[in-house]
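Remarks on the structure that follows.
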Amino acid sequence: MAFPLTREQRAVVEDRGGELLVSAAAGSGKTRVLVERLLDRVIREKLDIDRFLVITFTRAAAAELRGRVAEELSKRLSEEPENGWLRRQSALVYKAPISTIHALCGELLREFGHRLDLDPDFRLMDEGETGLLRSRVLEEVVEKRYETLSRHPDFVALVDTLSAGRDDSRLLQITSDLHLKLQAHPDPMGWLTRMEEAYRPDRKKDPGETIWGRSRLETLARRAEYWARALRQGEELTEADPNLEANYRPSMEAGAVLFERLAEAARTGWEAVRAMEGAEFPRVGLKRMDKTLLEVEQVKAIRTAGREALSELLGVCRQPGEEVWEDLAAISPAVTGLFSLVRDFDARLTAEKRGRSLLDFNDLEHLTVRLLGEEEIAQTLSNRFAEVMVDEYQDTNEVQNVIFSALTQGGKTLVQVGDVKQSIYRFRLADPTIFLKKYNTFPKREEAGAGEPRLALLTRNFRSRSQVLGSVNDFFRAVMSPVLGEMEYTPRDALYPGASYPAPEQDGWNTELDILMNEEEQEEKIPRDLMEARFAARRLRELLDTGFRVTEGEGLRPVRPGDMAVLVRSPGPVSHYYARAFREVGLPWQADGSGDLMETVEVSVALALLQMVDNPRQDVPLIAALRSPVWAMSADRLAQLRAACPEGDFYDALLAGGERGEEDCEDILGTLGDLRLEAADQPAHEFLWNLYQRTNLLGLFSAMDGGGDRRENLLMLYE
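Its first residue numbered 10, the sequence shown is counted upward by one per residue in our numbering.
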């Protein structure tokens with residue numbers, strides 16, 4: 010091993026006896042801990058490695074993890090070459106079930122699918138095919154509804170609500186989106202039925218007890234509490250001057266109390282908020298101020314904003330309860346019509362897929378849930394696996410969670426690893442609250458009893474210096490809350506440095522926040538993206554020129570261009586600004602994420618030449634090749650050729666130019682003829698190299714700006 014496990018990591022590796030949730034912060038060595046735990050159980054408990062199921066988020070992650078396990082086994086076998094058990098595990102590792110959730114579901118359905126009357130020779134559709142089938146089936150279902158309008162009054166109400174004139178695209182989109190979101194539930198149609206009941210008006214209830222009303226009141230309470238805190242802080246500002254305190258403090262204090270009452274009313278119910286209608290923000294009885302203070306403007310701004318917020322929040326529940334129920338009754342038929350349409354769509358889509366022995370990714374999960382609903386199969390599979398390890402658990406949805414629970418006897422042999430702070434993407438309708446519920450309720454590992462679920466924390470980051478981690482912690486403490494980020498950022502959640510670095514010999518390790526200003530006196534306003542690019546380029550150039558020192562191994566060395574990176578949200582739209590800025594300061598660079606290799610100019614030209622050789626009667630690649638640096642035909646020359654031969658494709662115009670004895674056309678046609686002849690006898694890579702030599706493509710692009718990178722791109726295409 011490169012370095013020993015920390016106490017936290019070792020505790021996770023050796024923990025036994027119950028469901029384990031590992032909250033692993035970024036850079037905390039989570040993959041290594043998974044590998045070590047797996048090998049620890051295999052070697053110490055003499056359990057075959059193929060008895061451990063490991064679920065990763067992507068196939069690439071699964072391949073990487075399998076490779077890491079195989080490499081570690083190989084190392085240990087080299088230390089004990091006579092160990093027969095290690096030799097056996099080295100062979101079994103390639104059979105071990107390390108896969109994505111969908112790959113696992115596919116295997117289980119092929120093995121036990123007969124219990125669901127599922128064709129074992131089913132085919133999994135890709136996303137493109139799934140989208141086309143969904144669109145066609147949905148259009149057929151909606152068309153059939155239109156043909157039988159008299160039997161579906163709820164559908165009529167739905168169409169009247171969503172369709173604009175003769176355009177029903179919004180209806181189709183909402184139906185499809187709702188159906189997709191339902192797939193995150195283990196019983197989609199059952200959940201839909203429960204939601205349908207919730208939308209039926211019940212005049213005996215307070216409107217705040219509806220899903221819609223509860224959401225509005227919760228938002229109102231949060232906003233009222235925010236303004237109460239803001240006004241309390243404003244009170245503190247008035248302490249800067251006795252006169253300011255006498256004039257403003259009573260109003261700010263009374264306003265804070267008013268918002269606190271409003272928050273409490275929102276937690277009570279709809280009518281409690283309505284009872285506060287007409288409440289006014291306390292006035293200020295201003296006396297002459299002796300002097301102007303910065304705090305005066307700040308206090309006035311807080312008070313004005315609070316007064317406007319109060320007026321807005323009191324209007325949230327202005328509608329009487331009876332009117333709310335009337336509105337809900339009015340939309341109820343449309344909701345019923347939508348849910349009915351979704352059910353028909355689901356049934357028709359399912360029938361279409363089964364008739365063709367097709368499944369999509371959602372089918373894999375839902376059919377596996379049905380399969381594991383049979384106690385005999387669930388027991389068989391839970392006995393098959395000594396432990397189930399799930400990576401990136403924060404990106405799990407409820408369907409997948411049901412599968413994991415069934416495979417582990419209700420979680421008894423389940424190890425879940427993840428970090429809820431990295432759940433921002435919500436992949437595959439992920440539900441981070443599944444992770445959070447366990448995170449907030451499981452006792453710490455050292456406090457849990459035998460067989461009880463437990464929580465282990467990996468909080469040490471081994472990738473970054475303390476200065477970086479300190480800035481990250483400060484930022485997240487300020488912005489994360491149960492409302493934004495679904496959790497409080499407490500010391501338990503913070504990142505702590507785990508790696509040691511050589512002491513820096515210079516300043517400059519702290520995080521910078523730089524604000525760029527566009528000088529008003531400049532005649533031409535510089536684009537913001539170019540300003541940022543130039544600032545970054547100058548800063549990087551400065552680091553290189555001053556010999557800023559960075560860590561390498563156990564020591565420090567001068568920084569190199571490859572040590573530095575500029576991260577931008579969307580590289581494509583701004584990459585040309587950075588290319589310009591880096592050229593201005595003579596800084597070598599390369600871009601990742603700013604476009605596909607195939608989209609670069611030089612590779613596009615090479616591909617156009619290949620397409621021209623394959624079939625010169627394709628106008629777009631032919632003209633692209635003629636306009637390229639290889640022949641550099643001008644737009645006027647192309648127009649001249651087309652005017653002389655207006656009929657046919659552009660290859661006919663080129664042939665006509667050759668027949669007239671025009672030298673450039675003859676030269677192009679001669680080269681093209683030779684290339685087409687040679688292409689018939691050469692493998693693709695040999696022919697491409699031949700093409701490079703015949704057209705001097707490498708030389709032409711090497712002579713341009715950024716020639717080295719352009720040449721590398723062409724060589725990469727060849728490779």
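Don't be surprised by glycine CBs; every beta carbon is placed ideally from N, CA and C. From a predicted model like this one, the values you see are computed outputs, not experimental measurements.
What does the alpha-carbon distance come out to for the pair residue i and residue j?
i	j	result
TRP94	LYS446	40 Å
LEU553	LEU522	20 Å
GLY715	GLY76	37 Å
GLU335	ARG212	9 Å
ILE677	ARG363	55 Å
ARG132	LYS104	23 Å
GLY140	ASP690	41 Å
GLU495	GLY36	22 Å
ARG209	GLN328	19 Å
ARG357	LEU323	47 Å
MET10	ALA34	Note that MET10 scores a pLDDT of 41, beneath 50, so its modelled location is shaky; the value from the coordinates is reported in the next line. Approximately 21 Å, taken between the alpha carbons.
PHE484	GLU551	27 Å
LEU201	LYS190	11 Å
ARG719	SER711	6 Å
TYR586	ALA641	27 Å
ARG592	LEU539	13 Å
THR313	ASN256	15 Å
Compare the beta carbon distance of residue i and residue j with 8 Å and say whether it is the shorter of the two.
i	j	result
THR184	LEU347	yes
THR499	ALA343	no
ASN470	TYR505	yes
PHE370	HIS161	no
ALA233	PHE290	no
ALA402	GLY427	The identity of residue 402 in the sequence shown is Tyr, whereas the question assumes Ala. Yes, they are a contact pair.
ASN722	VAL612	yes
VAL31	GLN425	yes
LEU29	ALA465	yes
ALA574	SER584	no
ALA415	ALA387	yes
GLU254	GLU262	no
THR377	ILE340	no
ASP628	ASP673	no
ALA71	ILE107	yes
ALA207	ILE220	yes
ALA503	ASN482	yes
Going by DSSP in three states, residue i sits in which element: helix, strand or coil?
i	result
GLY287	coil
ASP483	helix
ASP176	strand
GLN425	strand
PHE544	helix
THR704	helix
TYR505	strand
LYS534	coil
ILE524	coil
ARG578	coil
VAL559	strand
PRO570	helix
GLY27	coil
MET725	helix
VAL399	strand
THR405	coil
ALA465	strand
LYS55	coil
GLY564	strand
THR219	coil
ALA33	strand
SER490	strand
PHE61	strand
ASN470	strand
Return the Cβ separation of residue i and residue j in integer angstroms, given the expectation that the two are a contact with Cβ distance under 8 Å.
i	j	result
PHE354	HIS194	About 16 Å; that fails the 8 Å criterion.
ARG454	ASP135	About 42 Å; that fails the 8 Å criterion.
CYS654	ALA662	4 Å
LEU684	GLY666	So it is not a contact: roughly 18 Å between Cβ atoms.
THR520	VAL559	At roughly 16 Å, the Cβ-Cβ gap does not stay under 8 Å, so THR520 and VAL559 are not in contact.
THR3	LEU74	Given a span of 10 to 728 for the chain in the structure shown, any question on residue 3 remains unanswerable.
Could you check whether the Cβ of residue i sits closer than 8 Å to any Cβ belonging to chain B?
i	result
ALA395	Absence of chain B from the displayed structure is noted, only one protein chain being present.
Worksheet entry | Minimum length 3: unbroken beta strand (DSSP E) runs contained in the region 87-136 | Counting only runs of 3+ residues, the beta strand (DSSP E) found wholly inside the region 87-136 occupies 107-109, in chain order.
Item to complete: Could you pull out every unbroken alpha helix (DSSP H) segment of at least 4 residues lying fully inside the region 146-204, listed in chain order?
Response: 162-171 and 178-191
Fill in: Unbroken stretches of the beta strand (DSSP E), 3 residues or longer, contained in the region 323-361
none
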